[in-house]
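Trainee: Just so we're aligned: the sequence shown equals residues 9 to 195 in this note's numbering. Here a beta-carbon is modelled for each residue, glycine too, at the ideal position from N, C-alpha and C. These figures come from a predicted structure and were not determined experimentally. Quick one: this structure, given as structure tokens, is what I'll be asking you about.
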Amino acid sequence: VICSATPECAGPGLVGDFVTGWDYRIENEQLFVRGPHVMLGYWNDRESTDLKIDSDGWLATGDQVEVDPETNQLKILGRIDDVIILDNANKIHPHWIEGEINTISGINHSMLIQRDSLELWIDVSEEIQPESERYQTLYQEAEQIIQGKTYGEPYSIRRFDTPLISTELTPKGTLRRGLIRKRRFSS
Numbered sequence: 009v010i011c012s013a014t015p016e017c018a019g020p021g022l023v024g025d026f027v028t029g030w031d032y033r034i035e036n037e038q039l040f041v042r043g044p045h046v047m048l049g050y051w052n053d054r055e056s057t058d059l060k061i062d063s064d065g066w067l068a069t070g071d072q073v074e075v076d077p078e079t080n081q082l083k084i085l086g087r088i089d090d091v092i093i094l095d096n097a098n099k100i101h102p103h104w105i106e107g108e109i110n111t112i113s114g115i116n117h118s119m120l121i122q123r124d125s126l127e128l129w130i131d132v133s134e135e136i137q138p139e140s141e142r143y144q145t146l147y148q149e150a151e152q153i154i155q156g157k158t159y160g161e162p163y164s165i166r167r168f169d170t171p172l173i174s175t176e177l178t179p180k181g182t183l184r185r186g187l188i189r190k191r192r193f194s195s
């Protein structure tokens, strides 16, 4: 645990205060931590350990963060490797857009990627049929959310042909983006 919220310091989108014992720094929006809580390394994998923890003990968390100016707490924007940088240099954080899309009743998961253009892929509940009015409404709701967040970049909304399966999700239910891209978009 790096940060923890308490009832006194909880806030929407914030992760709480740093737990005692951590040194931290933010470089290029990535959170680095150091302290007695840092793992010793990957089991029998020195090379991977050296890529994650530098010689001074700083662990690259991979979390993209910003500091909330009012509370001085961190806000997690997503993962460093998940940022989409558009041709106009604007950055899109898929995590936040997907989070909003996932609040739409009938959408189990969503994934925003960039290939030839931005594509929002949605995993729609199986009981919602493509011919139904609810299906059309669901797309309209997703469109309203994504429209203002793409900086005018063209995008499309598509449905996964088959629902995401458990191996494509982490135990927390979040997307295994690399695996999904490899399985579903590598042709």
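If I'm right that Pro179 touches Asp131 with Cβ under 8 Å, what's the distance once you round it to whole angstroms?
Mentor: Not a contact, Cβ separation roughly 17 Å.
Trainee: Let me confirm a value: Val9 is counted as buried when at least 16 other C-beta atoms fall within 10 Å, else exposed. Which label applies?
Mentor: With fewer than 16 other CB atoms across the displayed protein chains lying within 10 angstroms of its CB, Val9 is exposed.
Trainee: How would you label Met47, buried or exposed, when you count the other beta carbons within 10 angstroms and need 16 or more for buried?
Mentor: Exposed, since its Cβ has fewer than 16 Cβ neighbours within 10 Å.
Trainee: For Ser164, which beta-bridge partners are listed by DSSP?
Mentor: Glu127
Trainee: Report the option in Thr28, Pro15, Arg87 and Ser12 whose CA atom is closest to the CA atom of Asn36.
Mentor: Arg87
Trainee: Cα-Cα, which of Leu183, Glu176 and Ile154 is closest to Ile100?
Mentor: When each option's Cα is compared against that of Ile100, the closest is Ile154.
Trainee: Measuring alpha carbon to alpha carbon, tell me which residue in Leu59, Ile92, Gln38 and Asp90 is nearest Lys83.
Mentor: Gln38
Trainee: Return the chain-ordered list of same chain residues with a C-beta closer than 7 Å to the C-beta of Glu106, the five sequence neighbours on each side being excluded.
Mentor: When the five nearest sequence neighbours on each side are left out, the beta carbons in the same chain lying within less than 7 Å of the beta carbon of Glu106 are those of Ser118, Met119 and Leu120, in order along the chain.
Trainee: Within the region 90-151, note down every full alpha helix (DSSP H) run reaching 4 residues or more, in order along the chain.
Mentor: 102-109
Trainee: In this structure, how does DSSP classify Gly186 when only helix, strand and coil are distinguished?
Mentor: Note: Gly186 maps to helix in three-state DSSP.
Trainee: Identify the residues that DSSP records as bridge partners of Ala7: which are they?
Mentor: Outside the displayed range of the chain (9 to 195) lies residue 7, so it cannot be described from this structure.
Trainee: Tell me the rounded alpha-carbon separation between Tyr163 and Asp169.
Mentor: Taking the straight line joining both Cα atoms gives about 18 Å.
Trainee: My output table needs one value for Lys157: the three-state DSSP class, helix, strand or coil.
Mentor: Coil.
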